[in-house]
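Numbering (this note's numbering), first residue to last: 50 to 363. Positions of the beta carbon are idealized from the N, C-alpha and C atoms, including for glycine. Quick caveat: nothing in here was measured; it's all calculated off a predicted structure. Taking it in order: structure first as C-alpha cells, then the write-up.
So this is what it looks like as C-alpha cells:
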C-alpha cells in the first residue's frame with residue numbers, strides 16, 4: 050500500500066541484480082512513484098556523465114516494467130548532498146532534493162475512489178441493555194467513498210440495504226474514504242460476519258475460488274511446489290488454498306518467462322494459479338491493491354512464505 054519507493058543505486062556499480070530485483074518488486078506491487086537515488090556521487094567526483102549513464106542504464110532495463118513515475122536524484126548519503134539541501138558540488142543538477150521531492154510528490158490521485166470495497170473486520174454488538182439493538186460493522190475502507198444513505202450490497206449473500214450511519218474514533222462522518230478505519234451501521238438487520246464484503250450493487254468484485262497471481266516466494270527453508278496447500282489471507286478473510294499450477298518463473302535479469310520451471314525458491318517470482326476452499330471477493334491488483342493482494346501462510350509453521358498480486362488477463 051506504499052505510495053512511493055526509494056531504490057538506492059551505487060554510482061560506481063550502476064544497475065546491478067539487486068537494483069533489478071527491487072525495481073521489479075516495485076512494479077509488481079504497483080507502487081505509483083519510484084525514486085532512484087544514485088548514491089556515492091562523491092566517489093565519482095560528482096560526475097554528471099556518470100549520473101546520465103546510470104539513468105540510461107536503468108531506463109533501458111525499466112522499459113520492460115510497468116513503472117509510471119520515475120525520478121532520478123544524485124546524492125551522497127555520507128556528505129549529505131541533495132538530501133535536505135541542494136549540493137554545491139552538483140550545480141549541473143536542477144531537480145529537487147530528496148526531502149523536497151518526498152514532501153511535494155502528489156499521491157492523493159492514487160487512491161481508488163470509484164470501486165466501493167469495505168471488508169468487514171469485526172461485528173460489534175454491545176452486551177448491554179442501552180445498545181441492545183446496535184449492530185455495527187468495523188473495518189478499513191479499502192476503496193471508494195461511503196456515505197449515509199448509499200445503497201450497498203453485502204457479499205456473499207448478495208442482499209442489498211442502505212448505510213444508516215458511519216462512525217469513527219473522532220465521531221460521526223458524512224463520508225468515509227480509504228484508508229479510514231470506521232464502523233458502519235445498516236438500515237436492515239442482515240446476517241454479516243468477519244470476512245464479508247460491502248460494495249455497490251452495480252460494482253462488485255470478482256467472487257471466485259480460482260485465481261491467477263504473481264507471487265514472490267519468501268521462504269528460505271523450502272521451495273514452492275504445485276499441489277501444496279496453504280492458508281491464504283486476503284483482506285479480512287482467511288481460507289485454505291492449493292497452488293494448482295506454476296505457469297512460469299520470471300528471470301529478473303532478462304525478464305524471460307521460464308515455462309519449464311517446476312518450483313520457486315527464495316526471492317524468486319512467478320505466476321501461479323490457486324484454488325481456494327471458499328470464495329474470495331477480489332479485484333485485479335492493478336485496479337485495487339487492497340483487494341488484489343494476499344499472503345500465503347505455511348500451515349505447519351504459521352510463517353508467511355509468499356506475497357501475491359492477483360492478475361486477470363496478461
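If you draw a straight line from the C-alpha of residue 201 to the C-alpha of residue 52, how long is it?
In this structure, the straight-line span from the alpha carbon of residue 201 to that of residue 52 is close to 28 Å.
Can you have a look at residue 304 and say buried or exposed, based on whether 16 or more other CB atoms are within 10 angstroms of its CB?
Exposed is the label assigned to residue 304, since fewer than 16 other Cβ atoms lie within 10 Å of its Cβ.
Measure how close the beta-carbons of residue 216 and residue 232 come, nearest whole angstrom, since I'm counting them as under 8 Å.
That pair is a contact at about 5 Å.
Using three-state DSSP, classify residue 315 as helix, strand or coil.
Residue state for residue 315 is assigned as coil, using DSSP reduced to three classes.
contact_flag[the region 332-342, the region 235-243] where n(CB pairs < 8 Å) is 3 or more
They do not touch, by the three-pair rule.
Please report the straight-line C-alpha distance between residue 74 and residue 275, rounded to a whole angstrom.
Their Cα atoms are separated by approximately 22 Å.
Between the alpha carbons of residue 299 and residue 312, how many angstroms are there, rounded?
Their backbone Cα atoms lie some 11 Å apart in a straight line.
Take every Cβ of the region 134-154, pair it with every Cβ of the region 66-73, and state whether three or more of those distances are shorter than 8 Å.
By the criterion of at least three beta-carbon pairs nearer than 8 Å, the region 134-154 is not in contact with the region 66-73.
What residue from 146, 301 and 277 has the CA that sits closest to residue 354's CA?
Among 146, 301 and 277, the Cα nearest to that of residue 354 belongs to 277.
Expressed to the nearest angstrom, what Euclidean distance is found between the alpha-carbon atoms of residue 150 and residue 348?
Near 43 Å, if we compare the C-alpha coordinates of residue 348 and residue 150.
Residue 304, DSSP secondary structure in three states
Residue 304 falls in the coil class under three-state DSSP.
What are the residues that DSSP puts in a beta bridge with residue 278?
Paired residue(s): 291.
Is the separation between the beta-carbon of residue 212 and that of residue 193 shorter than 8 Å?
Residue 193 is positioned such that its CB atom lies no closer than 8 Å to that of residue 212.
Start and end of the beta strand (DSSP E) containing residue 223?
In the DSSP assignment, residue 223 falls outside any beta strand (DSSP E) and carries neither an H nor an E.
What are the residues that DSSP puts in a beta bridge with residue 120?
Answer by DSSP bridge pairing, in chain order: 84.
Rounded C-alpha distance that separates residue 290 from residue 54:
A direct Cα-Cα distance of roughly 31 Å separates residue 290 from residue 54.
Apart from the five residues on each side of it in sequence, which residues of its chain come closer than 8 Å, Cβ to Cβ, to residue 91?
Within the same chain, 125, 127, 128, 130 and 138 come within 8 Å of residue 91 by CB-CB distance, once the 5 residues on both sides are set aside.
Based on the DSSP secondary-structure assignment, which residues constitute the bridge partners of residue 252?
DSSP lists 249 as partners of residue 252.
Alpha carbon to alpha carbon, what distance is there between residue 248 and residue 164?
Straight-line measurement puts the Cα of residue 248 at about 8 Å from the Cα of residue 164.
Check whether residue 321 and residue 301 have beta carbons under 8 Å apart:
The criterion of a C-beta distance shorter than 8 Å is not satisfied by residue 321 and residue 301.
Restricting to Cα atoms, I'd like to know which of 175, 209 and 195 is closest to residue 222.
Answer by Cα proximity: 195.
C-beta contact flag for residue 135 and residue 89 at 8 Å
Not closer than 8 Å, so no.
At what residues does the alpha helix (DSSP H) containing residue 104 begin and finish?
Counting along the chain, the alpha helix (DSSP H) containing residue 104 begins and ends at 97-111.
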